[in-house]
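Every number in this note's numbering is 1 more than the matching position in the sequence shown, counting from 1.
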Amino acid sequence: MTQPTPALAPRAQASAAPGPVASAAPRVGIAGYSSASWLHVGPIVAAGGVVSAVATRNPARRAQAEADTPGVRIVDDLEAMLQLPDLDLIVLSTPTGLHHDHALQVIAAGLPVVVEKPLGIDVAEVREVVEAADDADVPLTVFLQRRWDPSHLAARHLVETGALGDVWRLEYRWERWRPEPLHRWREDTPTAMGGGQLLDLGPHMLDLAVQLFGPVGSVYAELSSRRQVSDDDTHLVLHHVGGQVSHLDIGSLVAAPGPRLRIVGSEGTYVYDDFTDDGKVTPIYPDLADAPGSCGWLYRGPQEREPVAAVPGEWADFYRQLFDGLSGPERRADLPVAPADVLHLAEIFDAAQRSAAQGQVVAVRL
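Structure representation (structure tokens):
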């Protein structure tokens, strides 16, 4: 049997319970609890933290928070949470349109803050938050947790080690089949106010493109609203400063979603598709299903392929790195996602929206 192509070498896992205080678990407050129950609570606990407080007025979400963390303190809003005396970190899982104002409140209180992506609805908001954190010397990071997905880790390693040869193109699709919109705030809020799929799913996709190929110099974008108020059919072409090109597609009305990832190089092509998502709960391309212990396939030709070994990685690694960093003397030196990275993504989003409005390629501010 063909052995999986090695991806990243095994790395030492952080201690099961790191934290900013050696004798106690980091105490985390979560503001907003719509998706935080499955996005943040598990990774925080796995990294050695404890969810100490939750801010939400919604009765169902209050009940969920109590079920997730028995004994958790529940308050009505972020302002009330910031009055609690013993929190080490605030996680903002509030609607996108509130991220800017809420992040500034936490920074003003002097507490480290994790913000759900995106950090703001436009580059001006993002820049203001980043500069405020810098001026106040407050640790600020954004939850781009898919950096620790095995597929992202494998893709990065294949590019970094030259296993694909001279690499020139990334294709990344996040396509779903949702003929009827869900009518949540993301669907029913205009893109300019923080709704839509570009700001929801796009950050993860753009982040991988930049991780693989470096800064983006220009972008061409098509944004459409087919069945909802905000964008639900998006196509981006990113021209990287290094010469590579990334093609990103996000869609809610794709009855046959395409393979998730494809990276094309002179010595091979990496293909990954084993990703369960709405509209793709059963394999559309059974031959692309992962082999045991692997993550995608490395093709050397139409009839020649080998499985790529999976790399241990999980979303808790985001919090492990954050807790370790907060425990050191330079709390802003080793954040899991640097504010400068987030600001570049915001510049790309800004250029993409201008490109869609103008129908032409737009330069990205570097």
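Think of the CB as a built atom: it goes at the ideal place given N, C-alpha and C, for glycine as much as any other residue.
Quantities reported herein were computed from a predicted structural model and do not represent experimental measurements.
Could you tell me which residues DSSP puts in a beta bridge with residue i?
{"i": "P308", "result": "W298"}
{"i": "L209", "result": "Looking at the DSSP assignment, L209 forms no beta bridge with any residue, so it has no partner."}
{"i": "Y271", "result": "I264 and L299"}
{"i": "I75", "result": "V55"}
{"i": "E348", "result": "For E348, which the question treats as bridged, DSSP gives no partner whatsoever."}
{"i": "T142", "result": "V115"}
{"i": "V255", "result": "DSSP output for V255 lists no bridge partner at all."}
{"i": "V29", "result": "V52 and L90"}
Among the options, which residue has its Cα nearest to the Cα of residue i?
{"i": "H41", "options": "V362, D318 and A364", "result": "D318"}
{"i": "Q361", "options": "E223, Y273, L171 and G30", "result": "E223"}
{"i": "G244", "options": "L183, R170 and R58", "result": "R170"}
{"i": "D102", "options": "E80, D89, D87 and D69", "result": "E80"}
{"i": "N59", "options": "V76, R148, G326 and H241", "result": "V76"}
{"i": "L165", "options": "G266, G33, P284 and A358", "result": "G266"}
{"i": "R306", "options": "P27, P204, E268 and H205", "result": "E268"}
{"i": "Y320", "options": "V73, V116 and A56", "result": "V116"}
{"i": "L299", "options": "Y271, T277, A193 and D275", "result": "Y271"}
{"i": "E331", "options": "H153, A47 and D135", "result": "D135"}
{"i": "G121", "options": "A193, R157 and Q359", "result": "A193"}
{"i": "F144", "options": "D250, L112, A25 and I91", "result": "I91"}
{"i": "H345", "options": "V124, A26 and D87", "result": "V124"}
{"i": "A110", "options": "L88, V211, T190 and V131", "result": "L88"}
{"i": "A26", "options": "S36, A37, G43 and G50", "result": "G50"}
Which residues bound the alpha helix (DSSP H) around residue i?
{"i": "D234", "result": "That residue, D234, is in no alpha helix (DSSP H); its beta strand (DSSP E) goes D234 to H241."}
{"i": "I122", "result": "Here I122 belongs to no alpha helix (DSSP H), and DSSP marks it neither H nor E."}
{"i": "V282", "result": "Unbroken run through V282: none, as it is neither H nor E."}
{"i": "L327", "result": "A317 to L327"}
{"i": "Q84", "result": "Taken as a continuous stretch (DSSP letters only), Q84 belongs to no alpha helix (DSSP H), as it is neither H nor E."}
{"i": "L200", "result": "Q198 to D201"}
In terms of residues, what are the limits of the beta strand (DSSP E) holding residue i?
{"i": "V115", "result": "V114 to V116"}
{"i": "D250", "result": "V246 to G252"}
{"i": "V362", "result": "Counting along the chain, V362 falls outside any beta strand (DSSP E), and DSSP gives it neither H nor E."}
{"i": "R157", "result": "Counting along the chain, R157 falls outside any beta strand (DSSP E), though it belongs to the alpha helix (DSSP H) covering P151 to E161."}
{"i": "V92", "result": "L90 to L93"}
Pop quiz: residue i and residue j are said to be a contact at Cβ under 8 Å. What is the actual Cβ separation, rounded to whole angstroms?
{"i": "R179", "j": "D279", "result": "6 Å"}
{"i": "G259", "j": "E126", "result": "Not confirmed; about 32 Å, so no contact."}
{"i": "I285", "j": "V160", "result": "Not really, about 26 Å apart at Cβ, beyond 8 Å."}
{"i": "R174", "j": "R261", "result": "6 Å"}
{"i": "T57", "j": "G33", "result": "6 Å"}
{"i": "L105", "j": "A133", "result": "6 Å"}
{"i": "H153", "j": "L209", "result": "5 Å"}
{"i": "A54", "j": "L85", "result": "6 Å"}
{"i": "L141", "j": "P340", "result": "6 Å"}
{"i": "A364", "j": "G218", "result": "7 Å"}
{"i": "P151", "j": "V312", "result": "5 Å"}
{"i": "P182", "j": "Q229", "result": "4 Å"}
{"i": "D342", "j": "Q322", "result": "At roughly 14 Å, the Cβ-Cβ gap does not stay under 8 Å, so D342 and Q322 are not in contact."}
{"i": "V220", "j": "L239", "result": "5 Å"}
{"i": "L207", "j": "D234", "result": "Contact doesn't hold; Cβ gap of about 17 Å is too wide."}
When DSSP labels each residue in this structure, what does residue i get in the three-state scheme?
{"i": "S35", "result": "coil"}
{"i": "S24", "result": "In this prediction, S24 has a pLDDT of 44, which is less than 50 and means its spatial position is unreliable; nothing more can be read from the coordinates."}
{"i": "G98", "result": "helix"}
{"i": "R228", "result": "coil"}
{"i": "V220", "result": "strand"}
{"i": "V168", "result": "strand"}
{"i": "E188", "result": "helix"}
{"i": "V42", "result": "helix"}
{"i": "R62", "result": "helix"}
{"i": "R174", "result": "strand"}
{"i": "P204", "result": "helix"}
{"i": "R148", "result": "helix"}
{"i": "S356", "result": "helix"}
{"i": "A341", "result": "helix"}
{"i": "E181", "result": "coil"}
{"i": "D69", "result": "helix"}
{"i": "L336", "result": "coil"}
{"i": "G291", "result": "Going by the sequence as given, residue 291 is Asp instead of Gly. If DSSP states are grouped into helix, strand and coil, D291 belongs with coil."}
{"i": "F214", "result": "helix"}
Shorter than 7 Å from the beta carbon of residue i to some beta carbon of chain B?
{"i": "E348", "result": "Among the protein chains of the structure shown there is no chain B, as only one such chain exists."}
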